[in-house]
Amino acid sequence: MSYKNGKEVLPPHLLKELQKYIQGELVYIPKQTNRRAGWGEANGSRLALAERNEEIYRLYEEGYSFEELEQIYNLSMDSIRKIIYKTREHQNDVKQ
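For the sequence shown, the UniProt record's numbering assigns the number 1 to the initial residue and increments by one for each residue that follows.
Below, the structure written as structure tokens:
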């Protein structure tokens, strides 16, 4: 969030109206839409994890074991299982 000088961005009539209520203090003005970006959407984390999970599933399909994937990705065995089962389920849903 960046600071903007109201004198530079607001029309004079609106600035005068705002000055009736508040002067010389910071005011937060929210965005018009109420929809916030979901986790990881703004910085690409969600996409990066989805790509990683697809790669884990691909390697599993190519014959890598849970233990090998655990070592490669530094994840717990439980996490690897969840990723593979969830990705398999998603793949099956897409095929149908």
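Every residue gets a Cβ at the ideal spot worked out from N, C-alpha and C, and that includes glycine.
When you compare the segment 52-72 with the segment 22-41, are there three or more beta-carbon pairs, one atom per stretch, that lie closer than 8 angstroms? Per the Cβ contact rule, the segment 52-72 is not in contact with the segment 22-41 (fewer than 3 Cβ pairs under 8 angstroms).
Here's a check: name, in chain order, each residue in its chain whose Cβ is nearer than 6 angstroms to the Cβ of L15, leaving out the five neighbours to either side. Hits under 6 angstroms: G6.
Quick check on DSSP: helix, strand or coil for I22? DSSP places I22 in coil when its eight states are reduced to three.
Comparing alpha-carbon positions, which option in Y73, L75, Y60, E68 lies nearest T87? It is Y60.
If we define contact as Cβ-Cβ less than 8 angstroms, is E70 a contact residue for chain D? Absent from the structure: chain D. Only one protein chain is present.
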